[in-house]
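Working notes, structure below.
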């Protein structure tokens with residue numbers, strides 16, 4: 011078999027192998043080299059798979075049988091357009107964050123733990139890619155645990171002692187979520203006798219009214235919602251994002267919650283999609299109201315945060331509300347909005363967290379550890395770090411959804427989906443909530459551009475280029491994908507039409 | 108150059124200028140040279156488009172397509188041509204003025220000022236040439252964002268607060284009302300292109316039409332229709348060249364331009380018949396209420412700002428009347444008010460530069476020391492009131508003809524009353540300047556005219572105001588072509 015046929019397996023195996031290798035090598039820079047190479051290889055493979063999916067007829071699927079065991083008995087890796095889209099996002103983000111992390115963790119993590127950081131990042135990447143690529147329900151759970159456990163460690167590596175508490179809290183809530191997911195999968199296995207997702211989808215129609223199937227749907231919904239931080243199951247997120255090392259926050263914000271959304275879409279639309287199960291529970295309504303709560307409550311809380319990282323963490327909870335809101339519409343345009351926003355928010359938020367990482371380097375006293383980015387330390391930042399500040403503003407505009415940025419595209423489709431439903435009040439709610447984003451982004455603008463810098467800190471002291479370049483790549487990407495959307499919107503529309511079309 | 112290249116050049120020139128200015132930041136003379144050169148080149152470029160447009164061509168250009176079926180595209184039609192000519196032409200004069208003003212007042216951050224100014228012009232031209240609502244919205248928002256640093260230029264607490272009001276009202280209304288209106292149009296019409304005669308489907312009911320019109324009107328807060336007008340007086344905290352070109356010409360005209368364009372090319376005047384009564388009433392109210400506030404304002408720039416609020420509603424009123432003559436008046440007034448009001452602001456800034464006086468009550472006898480400035484102020488005032496030989500007379504003539512055509516006597520009453528009030532808040536300034544003796548305090552602080560670039564600029568616009576009265580040919584021709592349905 012040629013190499014190109016083995017890409018699905020390599021996609022997961024390469025990062026997975028890089029992790030123990032990093033531990034064995036032990037030396038910081040060697041571990042860095044190995045994991046970075048694996049991440050870039052994963053990115054290249056994801057692009058390769060993208061091209062393979064492209065070459066297939068519309069809605070085509072690449073099916074890879076692990077160990078050549080045919081599904082539904084063996085484990086199947088299944089790559090369609092949506093899978094490929096998320097693979098590119100996750101691996102691309104890792105490929106950008108890793109080069110950034112070297113300079114960033116040098117200041118934030120003790121030297122002796124560096125190899126651990128790289129190993130865990132490689133493992134987390136492998137887990138996230140695995141969740142995405144696999145077509146097997148139990149495999150989803152296994153990779154979910156791999157990515158979660160490594161994420162707990164990554165968060166605990168933060169210098170602030172509160173990182174430990176945050177990590178512990180995430181561990182507890184994450185484990186509850188994982189348990190719910192495995193119970194849901196168990197019920198489905200019990201009723202359908204299969205773990206293969208495609209097979210499950212075919213069999214579920216016959217037993218759609220049975221109580222265990224409904225229970226499975228409920229367990230899966232709650233479990234995954236915990237993982238994706240749907241309001242009010244988001245409590246783990248703000249502290250975890252605030253106290254984790256900057257590179258970790260950026261990586262997790264752009265990928266972990268997004269992959270959970272992907273799992274939710276998979277179960278809702280691929281597994282339960284053909285059946286009527288969905289309409290036997292008031293799930294869309296529930297999702298709608300929780301999303302609206304997220305939009306307003308989380309964004310509102312964000313406005314009053316004193317720590318910039320925490321502010322944008324709450325903003326993430328709010329932005330996830332847009333993604334789940336799109337899902338709750340259960341329509342082509344709604345799902346398009348969700349998928350596009352998953353990508354657009356991912357890049358904008360990663361850009362912001364990377365820039366905050368650069369920012370704490372800039373506001374640190376020479377030789378000292380980076381302090382928390384509280385607003386009193388940001389006064390007059392624009393004069394000291396013009397590129398960093400301006401980057402945060404541009405990415406912030408994308409969060410607001412200003413036309414010309416990627417966020418606008420998501421908002422357009424979300425409003426269009428609400429209009430289709432005839433829900434005019436919802437249009438108002440979506441747009442009103444986006445104004446809350448103006449409020450929190452402008453808090454940063456006023457602090458950075460209008461307040462006088464504290465005495466002795468007027469000098470220009472920009473962060474090193476190794477921090478700025480990856481961040482600015484993402485900043486420019488969030489403008490680029492607001493203007494040329496053939497990649498993002500093109501695939502989102504294709505996916506949404508494929509998933510919603512064969513709805514009864 | 109082909110028309111497409113010209114459009115692209117017109118859009119890129121200010122951007123290139125902004126880049127050049129940023130690079131030349133350390134060398135003030137070079138920086139100002141680049142600003143002036145860009146402004147002149149831009150005007151020349153826009154001017155080249157005039158002949159094809161007058162000849163009936165509608166050159167267009169499509170850049171990219173961010174949403175399927177919704178490209179970022181440009182198409183030059185008569186109304187946009189008129190707006191582009193006014194904005195780019197006045198940018199030249201305003202640049203001359205800025206040089207004198209910024210140097211005279213030793214303003215800080217001059218590079219940022221010129222860069223943002225050039226970017227504002229790029230956004231303004233893109234609005235003028237926009238071929239569909241999406242493109243217009245994109246640059247409408249961009250214009251808000253690039254003018255924000257100009258409004259908050261001084262960086263004081265007052266400026267920051269004004270900036271908040273500016274952003275909150277302009278962005279809040281455009282996101283809450285304008286954006287859903289645009290998406291709704293796309294939803295029901297399947298296009299957002301501007302087409303003569305409108306694009307809305309025939310079966311749309313009158314109630315929805317009214318709601319949509321209201322969304323557009325309130326969403327375009329740059330047109331300063333009450334109750335969303337407060338950003339305009341707040342923006343007066345900016346340096347005077349900003350108030351003059353942006354908050355008397357580019358930004359506010361982008362607002363009323365959007366209103367007229369939407370009414371003519373999205374709704375179509377025929378479709379709107381009977382749906383604009385509330386708008387006439389609201390515009391009339393805004394005209395009178397803003398005039399009354401102007402009457403009581405002692406701060407000169409504040410008085411002029413409220414005068415702008417009231418004059419902008421003239422355009423809205425004229426458009427809402429829907430008569431062909433009044434639509435011509437709406438388009439003409441965009442040009443005539445621009446020239447008159449920029450002259451008035453130039454004069455206000457000239458006084459500030461020479462004397463640091465900002466209140467009307469401090470201006471006793473100033474006409475004797477600053478004859479050029481106050482003479483120009485007089486011409487601008489005549490134009491505002493609508494008296495010959497100033498340009499304002501021309502648009503008011505068409506407006507009143509339109510009103511009489513429709514037999515809308517209430518509107519006529521509003522126009523006459525506001526004419527009297529505007530005379531009452533502008534003429535006393537002249538009276539003070541020329542007929543009152545200098546105060547003791549002023550006698551203790553001798554001063555002359557403002558720096559030469561300032562005097563030159565305001566003389567040019569005052570002369571323009573007179574010229575437009577004598578030769579209204581080109582704007583009139585463009586305004587009339589706007590109504591031709593192909």
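Residue numbers (the working numbering), protein chains in the order written: chain F, 11 to 514; chain P, 108 to 593. Even glycine gets a Cβ: it sits at the ideal position worked out from N, Cα and C.
Exercise. Closer than 9 Å, CB to CB, is residue 515/F near chain P or not?
Worked result: No answer is possible for residue 515/F: it lies beyond the span of chain F, which begins at 11 and ends at 514.
Problem set entry | Straight-line gap, residue 354/F to residue 420/P (C-alpha atoms, nearest Å) | For this step, residue 354/F is matched to residue 344 along the first chain. For this step, residue 420/P is matched to residue 313 along the second chain. C-alpha separation (whole angstroms): 40 Å.
Exercise. How about residue 576/P and residue 484/P: do their beta carbons lie closer than 9 Å?
Worked result: Sequence index remark: in the second chain, residue 576/P carries index 469 (1-based). Sequence index remark: in the second chain, residue 484/P carries index 377 (1-based). It is not a contact, given that the beta carbons lie outside the stated cut-off.
Exercise. Which first and last residues belong to the alpha helix (DSSP H) in which residue 456/F is found?
Worked result: Position 446 of the first chain, counting from 1, holds the residue named residue 456/F. Bounds of the alpha helix (DSSP H) holding residue 456/F are 434-460.
For this session: Return helix, strand or coil for residue 182/P, following the three-state DSSP convention.
Result: Taking the second chain and counting its residues from 1, the one referred to as residue 182/P is at position 75. Per DSSP, reduced to three states, the secondary structure at residue 182/P is strand.
Exercise. Hey, quick one: how far does the beta strand (DSSP E) through residue 73/F stretch, first residue to last?
Worked result: Numbered from its first residue, the first chain carries residue 73/F at position 63. Residue 73/F -> beta strand (DSSP E) spans 72-75.
Problem set entry | Where residue 413/F meets chain P, residues with beta-carbon distance less than 8 Å | Counting from one through the first chain, the residue named residue 413/F turns up at place 403. From the beta-carbon of residue 413/F, the residues of chain P found nearer than 8 Å are 241, 244, 245, 248, 249.
For this session: Establish whether the CB of residue 175/P and some CB of chain B are separated by less than 9 Å.
Result: Here the protein chains are F and P, and chain B is not one of them.
Problem set entry | Assigned secondary structure, residue 212/P (DSSP; H/G/I helix, E/B strand, else coil) | What you label residue 212/P is simply residue 105 of the second chain in a count that begins at 1. In the structure shown, residue 212/P falls within a coil segment according to DSSP collapsed to helix, strand and coil.
For this session: Quick one: list the residues of chain P neighbouring residue 341/F, beta-carbon separation under 9 Å, in chain order.
Result: By one-based count along the first chain, residue 341/F stands at place 331. Here the premise fails: no neighbours, minimum Cβ distance about 13 Å.
Problem set entry | the region 146-166 of chain P in contact with the region 398-412 of chain P per 3-pair CB rule at 8 Å | The region 146-166 of chain P, when compared against the region 398-412 of chain P, does not touch it at the 8 Å Cβ threshold.
For this session: Check the Cβ-Cβ distances between residue 275/P and every residue of chain F, and say whether any is below 9 Å.
Result: Locating residue 275/P in the second chain gives position 168, counting from the first residue. Residue 275/P counts as touching chain F.
Exercise. Do residue 522/F and residue 455/F have their CB atoms nearer than 9 Å?
Worked result: Nothing can be reported for residue 522/F: it is not among the residues displayed for chain F, which extend from 11 to 514.
Exercise. Beta strand (DSSP E) containing residue 63/P: first to last residue?
Worked result: Not covered by the structure: residue 63/P. The range shown for chain P is 108 to 593.
For this session: Note down the Cα distance separating residue 25/F from residue 244/F, rounded to an integer number of angstroms.
Result: By 1-based counting over the first chain, the position of residue 25/F is 15. By 1-based counting over the first chain, the position of residue 244/F is 234. Approximately 28 Å between the Cα atoms of the pair.
Exercise. How is residue 494/P classed by DSSP in three states: helix, strand or coil?
Worked result: The count along the second chain starts at 1 and reaches residue 494/P at position 387. Here residue 494/P sits in coil by DSSP.
Problem set entry | Assigned secondary structure, residue 357/F (DSSP; H/G/I helix, E/B strand, else coil) | As a working note, residue 357/F is residue 347 in the first chain. Helix.
For this session: With a threshold of 8 Å, establish whether the CB of residue 308/F neighbours any heavy atom of the ligand NAP.
Result: The ligand NAP is not among the ligands present in this structure, which contains no ligands whatsoever.
Problem set entry | Helix, strand or coil at residue 114/P according to DSSP, with G and I counted as helix | Here residue 114/P corresponds to residue number 7 of the second chain, with the count starting at 1. Reduced to three states, the DSSP call for residue 114/P is helix.
For this session: Return no unless some Cβ of chain F is closer than 9 Å to the Cβ of residue 166/P.
Result: Start at 1 with the first residue of the second chain, and residue 166/P comes out as number 59. By this cut-off, residue 166/P is not an interface position.
Exercise. Based on the DSSP output, what are the partners of residue 237/P in its beta bridges?
Worked result: Locating residue 237/P in the second chain gives position 130, counting from the first residue. 181/P.
Exercise. Rounded to the nearest angstrom, how far is the Cβ of residue 52/F from that of residue 111/F, given a contact under 8 Å?
Worked result: If you number the first chain from 1, residue 52/F lands on position 42. If you number the first chain from 1, residue 111/F lands on position 101. In this structure residue 52/F does not touch residue 111/F by the C-beta definition: roughly 16 Å separates them, more than the 8 Å allowed.
Problem set entry | Neighbourhood of residue 447/P by C-beta, 6 Å cutoff - its chain only, sequence neighbours within 5 removed | Reading the second chain from its first residue, position 340 is the one you call residue 447/P. Correct list, in chain order: 487, 490, 491, 499, 572.
For this session: Using a Cβ-Cβ cut-off of less than 7 Å, give me the residues of the region 484-497 of chain F that come near chain P, in sequence order.
Result: Those would be 492, 493, 494, 495, in chain order.
For this session: Can you give me the start and stop residues for the beta strand (DSSP E) that residue 87/F sits inside?
Result: Numbered from its first residue, the first chain carries residue 87/F at position 77. Note, residue 87/F: beta strand (DSSP E), 86-89.
For this session: Identify every residue that forms a DSSP beta bridge with residue 206/F.
Result: By one-based count along the first chain, residue 206/F stands at place 196. By DSSP's assignment, residue 206/F forms a beta bridge with 146/F.
Exercise. From residue 140/F to residue 153/F, what distance separates their C-alpha atoms?
Worked result: As a first step, residue 140/F must be located in the first chain, where it is residue number 130. As a first step, residue 153/F must be located in the first chain, where it is residue number 143. Computed Cα separation, rounded: 6 Å.
Exercise. From the beta carbon of residue 406/F, is the nearest beta carbon of chain P less than 9 Å away?
Worked result: Indexing the first chain from 1 puts residue 406/F at position 396. Residue 406/F does not count as touching chain P.
Exercise. DSSP beta-bridge partners for residue 259/F?
Worked result: Reading the first chain from its first residue, position 249 is the one you call residue 259/F. For residue 259/F, which the question treats as bridged, DSSP gives no partner whatsoever.
Exercise. Taking only beta-carbon atoms, is residue 124/P less than 9 Å away from chain F?
Worked result: Here residue 124/P refers to the residue found at position 17 of the second chain. No, no contact with chain F.
Exercise. Distance, Cα to Cα, residue 465/P vs residue 564/P?
Worked result: As a position in the second chain, residue 465/P is number 358, starting the count at 1. As a position in the second chain, residue 564/P is number 457, starting the count at 1. As the crow flies, the alpha-carbon of residue 465/P is around 20 Å from that of residue 564/P.
For this session: Indicate whether at least one CB of chain F lies closer than 9 Å to the CB of residue 347/P.
Result: Counted from its first residue, the second chain places residue 347/P at position 240. No, residue 347/P lies away from the interface with chain F (no Cβ there is under 9 Å from its Cβ).
For this session: Could you tell me whether any Cβ in chain F is nearer than 9 Å to the Cβ of residue 279/P?
Result: The residue given as residue 279/P occupies position 172 in the second chain. Taking Cβ atoms only, chain F reaches closer than 9 Å to residue 279/P, which makes this a yes.
Exercise. Roughly how many whole angstroms lie between the Cα atoms of residue 210/F and residue 59/F?
Worked result: Taking the first residue of the first chain as position 1, residue 210/F is located at position 200. Taking the first residue of the first chain as position 1, residue 59/F is located at position 49. Distance from the CA atom of residue 210/F to the CA atom of residue 59/F, rounded to whole angstroms, is 25 Å.
Exercise. The alpha helix (DSSP H) with residue 532/P in it runs from where to where?
Worked result: The count along the second chain starts at 1 and reaches residue 532/P at position 425. Segment 516-542, the alpha helix (DSSP H) holding residue 532/P.
Exercise. Looking only at C-alpha atoms, which of 414/F, 458/F, 438/F sits nearest to residue 242/P?
Worked result: Reading the second chain from its first residue, position 135 is the one you call residue 242/P. Of 414/F, 458/F, 438/F, the residue nearest in Cα terms is 414/F.
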